[in-house]
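*Asks:* Numbering (this note's numbering) for the sequence shown: 2 to 276.
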Amino acid sequence: MNRSTLVKEIKKKESYLCVGLDTDINKIPSHLKGSPDPIFEFNKYIIEATIDLAVAYKPNIAFYECYGTSGWESLQRTIEWMPKDVFTIADAKRGDIGNTASMYAQAFFQTLQFDSVTVAPYMGEDSVTPFLQFKDKWAIVLGLTSNSGSKDFQQLSLSDSTFLYEEVLKKVAQWGNEENTMFVIGATKAEAFKHIRTIVPKHFLLVPGVGAQGGSLEEVSKYGLNEEVGLLVNASRSILYADSTQDFAKAARREAQAIQQEMATYLQRSLLISE
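(1) Have a look at the DSSP bridge pairing and note the partners of E216.
(2) By the 10 Å Cβ neighbour count, where 16 or more other Cβ atoms means buried, how is F292 classified, buried or exposed?
(3) Evaluate A188 with the Cβ neighbour count: other Cβ atoms within 10 Å of its Cβ, from every protein chain shown; 16 or more gives buried, anything less gives exposed.
(4) Just checking, does the region 56 to 74 make contact with the region 17 to 29 on the three C-beta pairs under 8 Å criterion?
(5) Where does H204 land, buried or exposed, given buried means 16+ other C-beta within 10 angstroms?
(6) So, is D153 buried or exposed, given that buried needs 16 or more other C-beta atoms within 10 angstroms?
(7) Taking the alpha carbon of Q155 as the reference point, which residue from K138, P122, P202 and Y68 has its own alpha carbon closest?
(8) Where does Y166 sit, in a helix, a strand or coil, going by DSSP?
(9) Rounded to a whole number of angstroms, what is the C-alpha to C-alpha distance between I90 and D53?
(10) Kindly give me the distance between the Cβ atoms of I141 and S103, rounded to whole angstroms, as I take these residues to be in contact under 8 Å.
(11) Tell me which same chain residues have a C-beta within less than 7 Å of the C-beta of M83, skipping the five on either side of it?
(12) Suppose the cutoff is 7 Å on Cβ atoms and the five residues either side in sequence are ignored; what does the same chain contact list for S162 look like?
(13) Report yes if the C-beta distance between I98 and D127 is below 7 Å; otherwise report no.
(14) Near R4, which residues of its chain fall below 8 Å by C-beta distance, leaving aside the five closest residues on each side in sequence?
(15) Give the DSSP-derived three-state secondary structure of D92 in the structure shown.
(16) I need the straight-line Cα distance from K14 to T246, nearest angstrom please.
(17) Of the residues T112, Y65 and L143, which one's Cα is nearest the Cα of G125?
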């Protein structure tokens, strides 16, 4: 999916919600566990319940590959069943070089047909650029993440008193462009969004950490929205596991709708959509 199509979908749905499909078989409702493919069955219900509210879906690859062949089959069924007008993110955090990176890109972009994949930039330019060689596909590069360990490396102070994550944003922005590169910025780092927008004013930001992790959608939107929206805000557990009964899909929809309605307010306030 290209940028203009993504922006169009965001404005049509009045939403920049991404639903994270971190599907844990131990947490899905018990009545689904007897189905031939309970992970896919759960994903299907969640997507059906939220498809008019979300513009993106983000399967966390670890929750599928841990089951080996059957997990990969559940993932492929999920992607094949998903409507084509939503943006798909393989949350794989791949980070390798040369031919290996190219094979990862081929796996997620060509074989599984994802629109994007999350990438760890620690190994440098040749670990990112292989993901930028595919038309209308995106590398979503780790920038400033929500986890407490982000201070170990991402927030190290360099000799010019900037942080390491700032240098990552600057360099990666030069390797790609606003049409094929996004950055992961955690919602719990909302105080940094205003500064981050001075470094990458036009890029899309993928923002996990709203919902169960306690990030503020209002703060993220206030400082993160740009002239083409420029945000995909992810919620996973708060939507997926809102209810453990047979009404889980209805509960998931209620949670997603509350987020979408809040997003619509911020879009209207920023004059990015008309009331």
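Glycine is no exception: its CB is placed at the ideal position from the N, C-alpha and C atoms.
*Replies:* With the given structure in hand:
(1) Sequence check: residue 216 is Gly here, not Glu. In DSSP, G216 forms a bridge with V211.
(2) A query on residue 292 cannot be resolved here, the shown segment of the chain reaching from 2 to 276 and no further.
(3) Burial call: buried.
(4) Look at the beta carbons and you see the region 56 to 74 touching the region 17 to 29: at least three pairs across the two are nearer than 8 Å.
(5) H204 counts as buried, since at least 16 other C-beta atoms from the protein chains shown sit within 10 angstroms of its C-beta.
(6) Its Cβ having fewer than 16 others within 10 Å, D153 is exposed.
(7) Nearest to Q155 by alpha-carbon distance, out of K138, P122, P202 and Y68, is P122.
(8) In the structure shown, the three-state DSSP call for Y166 is helix.
(9) Distance between the alpha carbons of I90 and D53 is about 18 Å.
(10) Contact flag wrong, Cβ pair sits at about 17 Å.
(11) I48, Y58 and T89.
(12) If we look at S162 and ignore the five residues flanking it on each side, it has no Cβ neighbours.
(13) Yes; because the gap between Cβ atoms is below 7 Å, this pair is in contact.
(14) Beyond the five residues adjoining it in sequence on each side, R4 comes within less than 8 Å, by CB distance, of E179, E180, F205 and E229 in the same chain, given in chain order.
(15) In the three-state reduction of the DSSP assignment, D92 falls in the strand class.
(16) Counting only the Cα atoms, T246 lies some 28 Å from K14.
(17) The candidate whose alpha carbon is nearest that of G125 is L143.
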